[in-house]
Amino acid sequence: MTPLLLAAVPVVLPFACFLLLGVVWPLRHTGRPAALLSSLVAVVSFLAALFAWEGAPGAGEPALTLTQAWLVHEGVPLAEVGLRLDAVSASMLVVVTFVAACVQVYSLGYMADEPRPALGRYYAWHSLFVVAMSGLVLAPNLLQLLAAWELVGLCSYLLIGYYWTRPSAGKAAVKAVWVTRFADIGLMSGVVLLYAQTGSFDWSAEASPWVAALLFCGVMGKSAQVPLHVWLPDAMEGPTPVSALLHAATMVAAGVYLVVRAWPIFAAAPDVLLVMAWVGGVTAVVAAVTATVQTDIKKVLAYSTCSQLGYMVAGLGSGEMLGGYFHLTTHAFFKALLFLAAGSIIHAVHSNELKDMGGLWSRTRFTGALFILGSLALAGLPGLAGFFSKDLILEELFHAGLYGPLALCLVAAALTPFYMARVVCMAFFGRPSPGAEHAHESPSVMLAPMMLLAVPAVVAGYGGYTFALSLGLDYHFALTPVGIAATALGLGGIAVGVARYGFGRLEGIDLPGVARFVRSGPMDAAWTAGWRSVFLPVAGVVGWVDRYVVDGLVNLFGWGALVLGDGLRGLQTGRVRDYLYAVAVGAVVLAAWGVVGGAS
Numbered sequence: 090m091t092p093l094l095l096a097a098v099p100v101v102l103p104f105a106c107f108l109l110l111g112v113v114w115p116l117r118h119t120g121r122p123a124a125l126l127s128s129l130v131a132v133v134s135f136l137a138a139l140f141a142w143e144g145a146p147g148a149g150e151p152a153l154t155l156t157q158a159w160l161v162h163e164g165v166p167l168a169e170v171g172l173r174l175d176a177v178s179a180s181m182l183v184v185v186t187f188v189a190a191c192v193q194v195y196s197l198g199y200m201a202d203e204p205r206p207a208l209g210r211y212y213a214w215h216s217l218f219v220v221a222m223s224g225l226v227l228a229p230n231l232l233q234l235l236a237a238w239e240l241v242g243l244c245s246y247l248l249i250g251y252y253w254t255r256p257s258a259g260k261a262a263v264k265a266v267w268v269t270r271f272a273d274i275g276l277m278s279g280v281v282l283l284y285a286q287t288g289s290f291d292w293s294a295e296a297s298p299w300v301a302a303l304l305f306c307g308v309m310g311k312s313a314q315v316p317l318h319v320w321l322p323d324a325m326e327g328p329t330p331v332s333a334l335l336h337a338a339t340m341v342a343a344g345v346y347l348v349v350r351a352w353p354i355f356a357a358a359p360d361v362l363l364v365m366a367w368v369g370g371v372t373a374v375v376a377a378v379t380a381t382v383q384t385d386i387k388k389v390l391a392y393s394t395c396s397q398l399g400y401m402v403a404g405l406g407s408g409e410m411l412g413g414y415f416h417l418t419t420h421a422f423f424k425a426l427l428f429l430a431a432g433s434i435i436h437a438v439h440s441n442e443l444k445d446m447g448g449l450w451s452r453t454r455f456t457g458a459l460f461i462l463g464s465l466a467l468a469g470l471p472g473l474a475g476f477f478s479k480d481l482i483l484e485e486l487f488h489a490g491l492y493g494p495l496a497l498c499l500v501a502a503a504l505t506p507f508y509m510a511r512v513v514c515m516a517f518f519g520r521p522s523p524g525a526e527h528a529h530e531s532p533s534v535m536l537a538p539m540m541l542l543a544v545p546a547v548v549a550g551y552g553g554y555t556f557a558l559s560l561g562l563d564y565h566f567a568l569t570p571v572g573i574a575a576t577a578l579g580l581g582g583i584a585v586g587v588a589r590y591g592f593g594r595l596e597g598i599d600l601p602g603v604a605r606f607v608r609s610g611p612m613d614a615a616w617t618a619g620w621r622s623v624f625l626p627v628a629g630v631v632g633w634v635d636r637y638v639v640d641g642l643v644n645l646f647g648w649g650a651l652v653l654g655d656g657l658r659g660l661q662t663g664r665v666r667d668y669l670y671a672v673a674v675g676a677v678v679l680a681a682w683g684v685v686g687g688a689s
């Protein structure tokens, strides 16, 4: 098979699986067989993506495309739909399918106790999610990406609200939809403006900076940038494997991938890039500070994802594409590992709360070792994947002269290892809580995917040169003052976290006022206030105009037609004599008009 046909497998095969699980009633209700089928399809999709990546065009070579004209008018298509395979899409496709395959296999153990119909539904939505994200990654233009983007949003809504009997899960799913749809107003406007300016939806079209600014609005929602990050922590209401899928390589990655894919449009808008750098830096710090006081292990990781997405956006805002995209790929591996390891802990103690854990190291050594490894990679410990990609972003910010965003990212570099050391100490060491006394290690079907993810969490950073070469970019990794400072801050964060939560020292670093402020949800409160004081009044005005002006004009014409009809109805008597009189009167009037007209 050609690389392009291999790349089509992660779209076609999971879609066929989704149709089977959705339409064939007995298969959907089998539970375990449906799960095995979907997992097998996910593994095959990853293998196909891997072979497609090996055969993908390199830097400077034309992309492989398979497209079909769409909405043809007078021989001219509005756009094209199909597949585009190049170094950017091929690498992202491998990341998406690998994480999705690991999550689906892991779910065989984590979701084993789910009712059979619910399990079939869960895997059907998983398959559709792979279709949506693969279609987004391989999109040949912005119009198809927009369609796949919305399908990703639908799948996230279904999976976040999987436990639909819980009111909190339903609210979280709706919140994710509304916040991201609010941001997507900008994305859709940007796509329309691009076509209006260029007559094309192409990635490399020469457009005004307004197009980049509008597209970035969609990025802020999907990739959870401040202040549109409020949906992401609530998305933890879904099953833990769903959290791994959303936070590692699918939904939240879509925004950053959009910037990379449409890089010519963004690179031509330096003012937009500057805004991106600052928004990313602020997001990195705000989310990291919030993570330091969370008591739910999944919410710690959720805010960690927000912070790392801020890193990526800040890196792209420097005007260099490599650091942000490289960190997107490495982060996918160790963040998926962390979420699955957290799921293993939750599976052992039946609670998300850190207070219900403690002393788990002696009972869950494999999970503990893998969680610690992922934490060190996230913290950017030298030699692990996160070290290389994080330091590359810091160097790009430094060389671009963006010292403000750089300082913010350095603060986040110190806070990240601190809050991860806090989680490790509270969950795996110290005195066991009553709920952790009977904890046990997870089954091998859950451990195996975690071990597979641990490999790239360690070694992926060493592929930076090859990664950059495939994109036609320069990569020179060296120890610099900025990198050394970041490493020192990271090691200091680990030391402070261990001293405080491992040995009970440095109690003064707990700032109760800050903790109370963060836990009170100030950003959610601000959005609620804005909703009540701005959005609802504006909606009321729009509703009044719609009912009484727009509908009023329509109703006025309808009323006029009825009145006129009633008047004309009186002329239709049905008597021939009346009609003859009317004809005679008409003839007289016309004759008189002719005489008067002739005389004048």
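When we follow my numbering, the leftmost residue of the sequence shown carries the number 90, and every step to the right adds one. Glycine is no exception: its CB is placed at the ideal position from the N, C-alpha and C atoms.
Residue interval of the alpha helix (DSSP H) (run including residue i)
{"i": "His436", "result": "411-438"}
{"i": "Tyr492", "result": "492-517"}
{"i": "Met540", "result": "533-548"}
{"i": "Arg205", "result": "205-226"}
{"i": "Asn644", "result": "640-658"}
{"i": "Thr329", "result": "329-337"}
{"i": "Thr269", "result": "256-287"}
{"i": "Val113", "result": "Premise fails: Val113 is in no alpha helix (DSSP H) and is neither H nor E."}
{"i": "Gln233", "result": "231-249"}
C-alpha gap between residue i and residue j, whole angstroms
{"i": "Gly330", "j": "Ala391", "result": "One detail in the question is off: residue 330 reads as Pro in this sequence, not Gly. Cα-Cα distance, rounded: 13 Å."}
{"i": "Thr555", "j": "Ala549", "result": "11 Å"}
{"i": "Val587", "j": "Ala376", "result": "21 Å"}
{"i": "Val113", "j": "Trp238", "result": "27 Å"}
{"i": "Asp655", "j": "Phe290", "result": "53 Å"}
{"i": "Gly279", "j": "Thr505", "result": "34 Å"}
{"i": "Pro545", "j": "Ala575", "result": "22 Å"}
{"i": "Pro690", "j": "Cys498", "result": "In the structure as shown, the chain begins at 90 and stops at 689. Residue 690 is therefore absent and cannot be evaluated."}
{"i": "Gly659", "j": "Ala680", "result": "26 Å"}
{"i": "Pro538", "j": "Glu295", "result": "43 Å"}
{"i": "Val184", "j": "Gly629", "result": "45 Å"}
{"i": "Leu282", "j": "Leu363", "result": "21 Å"}
{"i": "His416", "j": "His439", "result": "32 Å"}
{"i": "Cys106", "j": "Leu126", "result": "8 Å"}
{"i": "Leu669", "j": "Ala676", "result": "11 Å"}
N- and C-terminal bounds of the beta strand (DSSP E) containing residue i
{"i": "Arg173", "result": "165-174"}
{"i": "Thr91", "result": "From DSSP, Thr91 is part of no beta strand (DSSP E); its letter is neither H nor E."}
Bridge partners - residue i, DSSP secondary structure assignment
{"i": "Val161", "result": "Pro166"}
{"i": "Asp385", "result": "Glu442"}
{"i": "Thr154", "result": "Arg173"}
Beta-carbon proximity of residue i to residue j, cut-off 8 Å
{"i": "Ile386", "j": "Val512", "result": "yes"}
{"i": "Val349", "j": "Met410", "result": "yes"}
{"i": "Ala131", "j": "Ala213", "result": "no"}
{"i": "Ala474", "j": "Val547", "result": "yes"}
{"i": "Val315", "j": "Thr394", "result": "no"}
{"i": "Gln157", "j": "Val170", "result": "yes"}
{"i": "Ser128", "j": "Gln193", "result": "yes"}
{"i": "Ser134", "j": "Leu109", "result": "no"}
{"i": "Leu182", "j": "Ser223", "result": "yes"}
{"i": "Ala228", "j": "Arg173", "result": "yes"}
{"i": "Leu95", "j": "Ala124", "result": "no"}
{"i": "Val361", "j": "Phe305", "result": "yes"}
{"i": "Gly250", "j": "Arg117", "result": "no"}
{"i": "Ala466", "j": "Gly581", "result": "no"}
{"i": "Pro353", "j": "Trp450", "result": "no"}
{"i": "Gly579", "j": "Ala468", "result": "yes"}
{"i": "Gly369", "j": "Val402", "result": "yes"}
{"i": "Val188", "j": "Ala543", "result": "no"}
{"i": "Pro519", "j": "Gly572", "result": "A small correction: the amino acid at residue 519 is Gly; Pro does not occupy that position in the sequence shown. It is not a contact, given that the beta carbons lie outside the stated cut-off."}
{"i": "Pro99", "j": "Ala145", "result": "no"}
{"i": "Ser312", "j": "Leu398", "result": "yes"}
{"i": "Pro494", "j": "Ala366", "result": "yes"}
{"i": "Ser245", "j": "Ala261", "result": "no"}
{"i": "Ala137", "j": "Leu225", "result": "no"}
Whole-number beta carbon distance between residue j and residue i, since they are thought to touch under 8 Å
{"i": "Lys444", "j": "Ser522", "result": "6 Å"}
{"i": "Tyr211", "j": "Met535", "result": "So it is not a contact: roughly 16 Å between Cβ atoms."}
{"i": "Lys479", "j": "Tyr564", "result": "Rounded, the Cβ-Cβ distance is 15 Å, inconsistent with contact."}
{"i": "Leu197", "j": "Ala221", "result": "Not quite, the Cβ-Cβ distance comes to about 22 Å (not below 8 Å), so this is no contact."}
{"i": "Ala380", "j": "Ser396", "result": "7 Å"}
{"i": "Gly259", "j": "Trp267", "result": "About 13 Å; that fails the 8 Å criterion."}
{"i": "Val345", "j": "Ala501", "result": "Contact flag wrong, Cβ pair sits at about 16 Å."}
Residue i: CB within 7 Å of a non-hydrogen atom of the ligand PLP
{"i": "Leu235", "result": "Summarising the ligand content, the structure contains no ligands, and the ligand PLP is consequently not present."}
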